[in-house]
Amino acid sequence: MNFERIREKLNILADAAKYDVSCASSGSDRSNKNNGLGNASKMGICHTYTADGRCVSLLKILLTNHCIFDCAYCVTRKSNDVPRAAFKVQEVVDLTINFYRRNYIEGLFLSSGIFKSPDHTMERLVAVAKKLREEENFNGYIHLKSIPGASDELMYQAGLYADRLSVNIEVPTVSGLKLLAPDKKHEDFTKPMEKVKNEIVRYTTERKIIKSTPKYAPAGQSTQMIVGASGESDKDIMYSASYYYKTYNMKRVYYSGYVPVTHDSRLPAIGSKVPMLRENRLYQTDWLLRFYGFSVGELLNTQHPNLDMDVDPKLSWALRNLHHFPVDVNSADKHLLARIPGIGMQSVYKIIKARKFRKLNWDHLKKIGVALNRAQYFMVCDSRLWERRDMDAEKIKGMILQTSSGKFRNQYSTQLSLFN
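In the UniProt record's numbering, the protein residues as written are 1 to 420.
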């Protein structure tokens, strides 16, 4: 084995994989068996995060950065003048096992550019996972990127060996895809998603009857959208995300702020700022849709097509809907409690349990973990003081921003100066 060449390939293909953020492994419960290597238990694998929040706990590489497509947003587009490399199947297997034995990683995240054809590429990705499972007896976490346009048979095989599968939709809308990736069709992305969803449902049903039925993609499937490349509004992005969650039973939709990597008149210029704050707001919105009972139409609509960068989406909604407040925490149901800014779902459940024994006041709520710097303007409790008084939305927003902190604080608007 030529170790210098392997190192060169690793540098090229690991660097090319850094733009894919959908590498969380939560949800897999593949346990160690037959004294094999690795253990992707219910607790998931150990994660390490870089300063910008990306997971680096897996061996995260491309099989190759050669590609037959010329997608404008992609660093591996065929017209881009970058160093190219390709791993052999056995090389990826050996790297994974050796890195695991040195305790560098807990699993593998494998994607690829598309060379020759989608099926040819997907077949090699499946071959890596199959060798790891059957020849190396590797029981650690494996995340395979599904190649758009791959056949149903290959998608079926991929789910038998991988813990999670994902097809990156990349561009949130069909019109954006036509603009930036005219060689690709929307159905090339959705067909593998449909196949994976159907197989997960089938295998889950069969396991209820026959316990020995193997697991199929036990950590489900996910997808990723690029933010800021094709001009979509936040409303467009979140309606697309909601569609994929409901239609294909997605475990996660990831949002990746576009990093300008190529010169193209259709894209932001190289050197443009990566929309990290916008990405963060989209994740917060995603959380509200999945766990807090909000709908897209409540948070984003024709009058408000983009998220407020100054405050989080729940606070923004509350400021636009002051007629719903104040909420009495000692009598409100779970749905209303979850809509109070500064109260998370864990605090909601604690409040519901605690108020069975006595009425709650500000001190109780603070001990429970409620963020009173935000929540105090939207609720009443066992106290004569109601902090909102007669303040309007702008005044409340200014008061909250004055006491807020966070890594994106320096990106807030100059509105803060109005209240100093």
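From the three backbone atoms N, C-alpha and C, an ideal C-beta is built for every residue, glycine too. Keep in mind that this is a model prediction, so the values were computed, not measured.
query, result
"beta-carbon I61 near the ligand MN non-hydrogen atom, thresh 7 Å", "As presented, the structure is devoid of all ligands, the ligand MN included, so that no description of it is given."
"Assigned secondary structure, N39 (DSSP; H/G/I helix, E/B strand, else coil)", "Its pLDDT being 49, under 50, N39 is placed unreliably by the model, and nothing is read from it."
"K9, buried or exposed, once every other Cβ within 10 Å from all chains shown has been counted against 16", "buried"
"Rounded distance between the beta-carbons of L360 and residue 451, thought under 8 Å", "Nothing can be reported for residue 451, as the shown portion of the chain is limited to 1 through 420."
"Among N321, V348, V253, I396, nearest to S331 - alpha-carbon criterion", "V348"
"The segment 173 to 186 contacting the segment 115 to 129, beta-carbon criterion three pairs below 8 Å", "no"
"Straight-line Cα distance separating A85 from S222", "27 Å"
"E170 in three-state terms, based on DSSP", "strand"
"Alpha-carbon spacing of G342 relative to I210, whole angstroms", "46 Å"
"The segment 299 to 309 / the segment 229 to 243 touching (three or more Cβ pairs under 8 Å)", "yes"
"Distance between beta carbons of D119 and L154, contact taken as under 8 Å", "6 Å"
"DSSP state of K145 mapped onto helix, strand, coil", "strand"
"Euclidean distance between Cα positions of P313 and I169", "24 Å"
"Integer Cβ distance of D20 from S111, believed to fall under 8 Å", "6 Å"
"Pair within 8 Å by beta-carbon distance, A158 and A129", "yes"
"Separation of L95 from I12, as counted between CA atoms", "15 Å"
"As assigned by DSSP and simplified to three states, the class of G44", "Caution applies to G44, whose pLDDT of 29 falls short of 50 and renders its modelled position unreliable; the value that the coordinates give is listed next. It is coil, neither helix nor strand."
"Cβ-Cβ distance between V196 and A217 below 8 Å", "yes"
"Alpha-carbon spacing of E394 relative to H324, whole angstroms", "17 Å"
"DSSP-derived helix/strand/coil call for S26", "Model confidence at S26 stands at a pLDDT of 46, short of 50, so the residue's coordinates are unreliable and nothing is read from them."
"C-alpha distance - S256 paired with R281, whole-angstrom precision", "12 Å"
"Residues bridged to V227 [DSSP beta-bridge criterion]", "G257"
"Nearest candidate by alpha-carbon position, reference W287, set L322, Y245, A269", "Y245"
"For I351 and V296, the rounded distance between their alpha carbons", "27 Å"
"Anticipated Cβ contact below 8 Å, E106 with L58, distance rounded", "7 Å"
"Selected residue, minimal CA-CA separation from Q402, among M276, D382, R384, R374", "R374"
"Of the residues C71, K18, N65, the one placed nearest T262, counting alpha carbons only", "C71"
"Test item: CB-CB of L319 and V327 under 8 Å", "no"
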